[in-house]
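Chains as they are written, first to last, in full-length UniProt numbering: chain A, 1 to 458; chain B, 1 to 458.
First up is the structure itself, then whatever we jot down about it.
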């Protein structure tokens, strides 16, 4: 029996105990956003750190201004150091009354889709994080030692916006540097196909406040004479995209790159059914940039969206008011090497060009992050792809993500390394919602997958 | 001494008593919107009806589903029957803490602008209404009888949107018909120049709800692919006016009439200072339709305004949401013979032409009233203008109003008669606000004005 097969067999043999340990972890209500759960968050950190120490890691709890980090190392050496990242905090449980069972009393349930673990954090991210830990345990049991060259970084503030993460990465950059990071906080592609996310869109968030009169005016007395800030705002916002769905800001597409033939083929092979995808939310057809496939639209093309707008009277009934102010929140999703600050500047210049002399505009920045694209020529990607394919019986896909996963950008920027985003969550896991679950199959085959990837990279 | 001079002298002689009666009237807190004041509203009606009966009117309280109407008649006859309209209800007083003296404890105050009557309702409309009543009293004292052919209609729901008024006019149309209506609920032109409002803009109010996805979407997962109802809404709304401030809806300007030379000369003579007017609200320059004077913009040109807009996330911070719905409230001000329903139809067709297949739109109507333009060739207008000029020592102006005064439209539509809108309120009377006042000069010269008008028309 090859060493890998022994690890897989050990994982199978110890699945009941691994599930027991996960249940123990899930019973700790480590809600990071709620100050009342501060002690619980620390308890989860202590529990996890104890597990790692017991496995032979040099593991420690590192205090921050918020919740603690856990950092652990196996013995130095090995062909390439690898960082594993996950988080042990969980989302709040509100509204509690929509849970069918108490969120911190985990249980295994039989469902038409097989057994699932039902609890807050089962999928996001305790269950996924434990696929790492249990794989290391089985590896140690079979090999007599942990794989060398591992660095583990588990945080307790991911659901609170990770305020301590970037300072921590800066302060501990030497200790945390590795050849690549494994991040277990993502989903499989639709229908359970294993996937590696190799590109993420960036984001520029902006808030605009347009002011005209110093009070609300009566539209009978002033309508047709005085500046209406809502009209100014809608005029400025409507001209940012043209009829083909393209953004009209000068220089906006600088740095946007077309798909490589390899990725184009991979994505076509996914046979993404945009109409089916949209039908789940009551829509029916892609409405974005003309001449692009649906997956390109969300993964490889930049876009502009108005996320919120408000001005004037919006309550019941009617008021013939000319408001003094109107506001909007907007965001751009970025791809390739688009420069967030240049795009912010172009946006502000565009808005300002629409503001008449009687109005003023102010802006607030809500973040700026460039897009991330992993270097899939690193042999680790091909190795991981093959390992996932062997485990799941289906070729793994390189996919994109339309959103940002800030940690991947932080690792790139601060630690200078790419990330491999592999997760086994499913679209119906209800993360952040009542009745969160994680399929036992995701847990079991997830552990197998990491064992295969570790084996391929060692 | 001519009869008119005797009436004017009688008014002057009885000014102290007239003020006492007004103070008594102002002490009754007849707040029509507040059910707790229902009894007070009735008490005000009883007080007023008693006054009219004592003067010799055939006056009665007419119950409605809301607060009562008062209808009063003098003896039939005279050269032309005239209807006088006013209201005895008042606005709420909140915020009470901003009043320097209790709102229902009226007092005479000395100010740099002369003596004023300080109380809720002093200007709007008890003080103005009493200029009618006290004029009739002096007339009776001098002539021995009331002027014949008067119909008085005083309502108690004006500040509550007059829900009973139109049904009451329909049910009592024969009794209320006259040759013209006098409405005492308006202001003088700026700087105390007497004025007769001869045209009012109409109004079409609309509410639009644009729906896309059946829930809020994450802009990372859907941005660039799924319809954004805010974007659809701003695109549709921004194209309603062109760069010259003209409305682009087909047929919109049908029925809009240019100013007559007479009115154009009158309005130019007003020397309206748009920059000064706008500076009072923190603005500086007219921003409306190109090629029109400022007074034309607000009095004689139709316009389109967005009165409210909302969609997506508008709280603190930022959410990268693609909302499921966006809403706006808009209105058109109408002039000439523009047809409100045709304009509503054109607006809805315009919006619908912007709605993609994945979205739906629904509309709610918030009223439709045509513009009013009085027939100033009726000799009553020239007579009233001359009477006002004689009293105030300044030529009275024919002016417009940018807003609607629904009662004038109702009299035209239901009773078939024009209205003469003459009032002596001043811009700084703080109607609807704390510390409302009415200048004693407005009261005194207002009574004189009505005496002169009655004399000229009798």
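Yeah, the Cβ is synthetic: ideal placement off N, Cα and C, and Gly gets one too.
- By the C-beta density criterion, residue 100 (chain B) is exposed, having fewer than 16 other C-beta atoms within 10 angstroms.
- Three or more Cβ pairs closer than 8 Å define a contact, and the stretch 216–232 of chain A falls short of that threshold against the stretch 330–343 of chain A.
- Between residue 244 (chain B) and residue 206 (chain B), the C-beta spacing is not below 8 Å.
- Rounded to whole angstroms, the separation of the alpha carbons of residue 50 (chain B) and residue 133 (chain B) is 12 Å.
- For residue 372 (chain A), the closest of A:182, A:201, A:184, A:83 by C-alpha to C-alpha distance is A:201.
- Inter-residue distance for residue 170 (chain B) and residue 178 (chain B) is about 14 Å (C-alpha atoms, whole angstroms).
- Residue state for residue 297 (chain B) is assigned as helix, using DSSP reduced to three classes.
- For residue 331 (chain A), the enclosing beta strand (DSSP E) stretches over residues 325–334.
- Within the stretch 349–363 of chain B, those residues whose Cβ lies closer than 7 Å to any Cβ of chain A are, in chain order, 356, 357, 358.
- Neighbours of residue 305 (chain A) across chain B, judged by C-beta separation under 7 Å: 219, 223, 228, 322.
- Its chain contains 402 as the residues whose beta carbon lies nearer than 6 Å to that of residue 298 (chain A), once the 5 sequence neighbours on both sides are disregarded; these appear in chain order.
- Take residue 75 (chain B), set aside five residues on each side of it, and the residues of its chain with a beta-carbon closer than 6 Å to its own are 148, in chain order.
- In this structure, residue 212 (chain B) sits away from residue 278 (chain A), with a CB-CB distance that is not shorter than 8 Å.
- Note that the stretch 42–62 of chain B touches the stretch 120–137 of chain B; at least 3 beta-carbon pairs, one per stretch, sit closer than 8 Å.
- Counting only the Cα atoms, residue 70 (chain B) lies some 16 Å from residue 82 (chain B).
- Taking 8 Å as the threshold, the shortest C-beta distance from residue 235 (chain B) to chain A falls below it.
- Taking a contact as a CB-CB distance under 8 Å, the pair residue 328 (chain B) and residue 309 (chain B) counts as one, their CB atoms being some 4 Å apart.
- Not a single CB atom of chain A sits nearer than 8 Å to the CB of residue 325 (chain B).
- Under the three-pair Cβ rule at 8 Å, the stretch 264–278 of chain B counts as touching the stretch 391–399 of chain B.
- Residues of chain A with a Cβ closer than 8 Å to the Cβ of residue 297 (chain B) are, in chain order, 224, 225.
- Our two residues, residue 414 (chain A) and residue 197 (chain A), have alpha carbons roughly 20 Å apart in a direct line.
- Just so you know, the alpha carbons of residue 151 (chain A) and residue 181 (chain A) end up roughly 9 Å apart.
- By the CB criterion at 8 Å, residue 208 (chain B) and residue 321 (chain B) fall outside the cutoff.
- A Cβ of chain A is located within less than 8 Å of the beta carbon of residue 329 (chain B).
- Contact note: residue 238 (chain B) reaches chain A through 234, 235, 238, using a C-beta cutoff of 7 Å and chain order.
- Annotation: residue 389 (chain A) to residue 192 (chain A) spans about 12 Å, alpha carbon to alpha carbon.
- Check the Cα spacing between residue 379 (chain B) and each of B:359, B:307, B:458, B:353: the tightest is with B:458.
- If you keep only unbroken alpha helix (DSSP H) runs of at least 4 residues inside the stretch 30–103 of chain B, you get 38–55.
- The UniProt domain "Peptidase M20 dimerisation" (200–358) of chain B contains, as complete beta strand (DSSP E) runs of 3+ residues, the segments 202–211, 303–312, 325–334 (chain order).
- With respect to the C-alpha of residue 423 (chain B), the residue from B:188, B:96, B:24 having the closest C-alpha is B:188.
- Using a 10 angstroms sphere on the CB of residue 16 (chain B), the tally of other CB atoms stays under 16, which defines it as exposed.
- The stretch 378–453 of chain B is shown to contain whole beta strand (DSSP E) runs of 3 or more residues at 397–401, 419–421, 437–439, in chain order.
- Within the stretch 145–179 of chain B, the beta strand (DSSP E) runs of at least 3 residues that lie entirely inside it are, in chain order, 150–155.
- Counting every other CB atom within 10 Å of its CB across the protein chains shown gives residue 32 (chain B) a total of 16 or more, marking it as buried.
- With a cutoff of 8 Å on beta-carbon distance, residue 326 (chain A) and residue 230 (chain A) are scored as near each other.
- Contact of residue 411 (chain B) with chain A is not assigned, every C-beta pair being separated by 8 Å or more.
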